[in-house]
Amino acid sequence: MVVGRFGNITITAIHKSKDGEILSVDAQNHPEGDFKTTKLKITWLAHDDVVPATLVEFDHLISKPKLEESDNFQDHLTPVTRAEMRAIGDHGLRNLKTGDVIQLERRGYFRVDQPFLSKDRPLVLFMIPDGKQRAMSTLSTNLAHR
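Per the UniProt record's numbering, the sequence shown starts with residue 1, numbered consecutively.
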């Protein structure tokens, strides 16, 4: 795994609470690892001042590029058109307002749909499509167009 700007590490143990929350990890430095070929990349955030967020991505409503006159559009509706992922972000996200556009590192561009109000009312970010066939976000793998 690559820890943002620190290099490669290998996780040797994950310690979880009874309800599955990760409490801590044991890791070893892996300086000879190649960050370009490492699959998992994370950014480490201080635990005490994070902002809960929901990342939302939408798929095409119709699964066919062009409907013919003889097509019944209901036969071509995409079954799942919304994917959500819970996330945590840097404390600076708490200052965002509805309509703000930001770039999340290794995720893409997002528009603020709902600002952060409290732990129970997290920041909601809608992904802005960039036209790429392969998304930066693993969230989109839950959608048919990816």
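The C-beta atom is built at its ideal place from N, Cα and C for all residues, glycine as well.
Just so you know, these numbers come straight off a predicted model, no measurement behind them.
Checklist entry - Can you give the Cα-Cα distance for Lys97 and Ile128, rounded to whole angstroms? => result 16 Å
Item to check | Runs of beta strand (DSSP E) wholly within the segment 20-63 (minimum 3 residues, chain order) | outcome: 22-29, 51-58
Next on the checklist: Looking at the secondary structure, which residues open and close the beta strand (DSSP E) in which Gln103 lies?
Outcome noted: 101-104
Checklist entry - What residue from Thr37, Asp71, Glu84 has the CA that sits closest to Glu59's CA? => result A small fix is needed here, since residue 59 is Asp in this sequence, not Glu. Measuring from the Cα of Asp59, the nearest candidate turns out to be Glu84.
Checklist entry - In terms of DSSP beta bridges, what is Arg82 paired with? => result Phe58
Next on the checklist: What does DSSP give as the partner residue(s) for Leu77 in the beta ladder?
Outcome noted: In the DSSP output, where bridge partners are listed per residue, Leu77 has Ile62.
Checklist entry - In terms of alpha-carbon separation, which member of Ala53, Asp75, His30 lies closest to Pro115? => result Ala53
Checklist entry - Tell me which same chain residues have a C-beta within less than 7 Å of the C-beta of Thr12, skipping the five on either side of it? => result Counting only Cβ-Cβ distances below 7 Å, and skipping sequence neighbours, we find Asp26, Ala27, Gln28.
Item to check | N- and C-terminal bounds of the beta strand (DSSP E) containing Asp113 | outcome: 108-114
Item to check | Residue from Val124, Leu117, Arg107 with nearest C-alpha to Lys132 | outcome: Arg107
Checklist entry - What's the C-alpha gap between Glu57 and Lys18? => result Each residue's alpha carbon lies about 31 Å from the other.
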